[in-house]
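Numbering (the numbering used here), first residue to last: 7 to 141.
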């Protein structure tokens, strides 16, 4: 839902888009077709002590393990879509919404506690949220 907020806050184009990743199947898997002995996608999550904003945003990064082997064979690094294409079970889901609905989505997310003030906690964002709440 956090990614949806950032996509909807300043929509560009006809649709906004977020990608959902299925964490439950991100264990190492064999796949000779794309040049890996063992595919592994490791998700890196942040603690509050590491980065306050990323923690508030539930920041998440992905690391494709054993990707050097792929790079050495092809001269480029693999991306999640490349790995996704060769797995038995999909790990990525693309979600889109017409940009015209972005303002409504921001309102729904705000009711769920997902707002600029929550995701980038600072005095100025808290003040803006307070003013917005009283207007």
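From the three backbone atoms N, C-alpha and C, an ideal C-beta is built for every residue, glycine too.
Among the options, the one whose alpha carbon lies nearest that of residue i
i: residue 69; options: 47, 79, 57; result: 47
Status (buried if at least 16 other CB within 10 Å, exposed otherwise) for residue i
i: residue 63; result: buried
i: residue 97; result: buried
i: residue 73; result: buried
C-alpha gap between residue i and residue j, whole angstroms
i: residue 107; j: residue 24; result: 14 angstroms
i: residue 67; j: residue 52; result: 9 angstroms
i: residue 101; j: residue 9; result: 11 angstroms
i: residue 136; j: residue 110; result: 20 angstroms
i: residue 20; j: residue 60; result: 28 angstroms
i: residue 140; j: residue 133; result: 11 angstroms
i: residue 14; j: residue 105; result: 7 angstroms
i: residue 90; j: residue 75; result: 17 angstroms
i: residue 113; j: residue 79; result: 48 angstroms
Beta-ladder partner(s) of residue i, from DSSP
i: residue 47; result: 70
i: residue 100; result: 25
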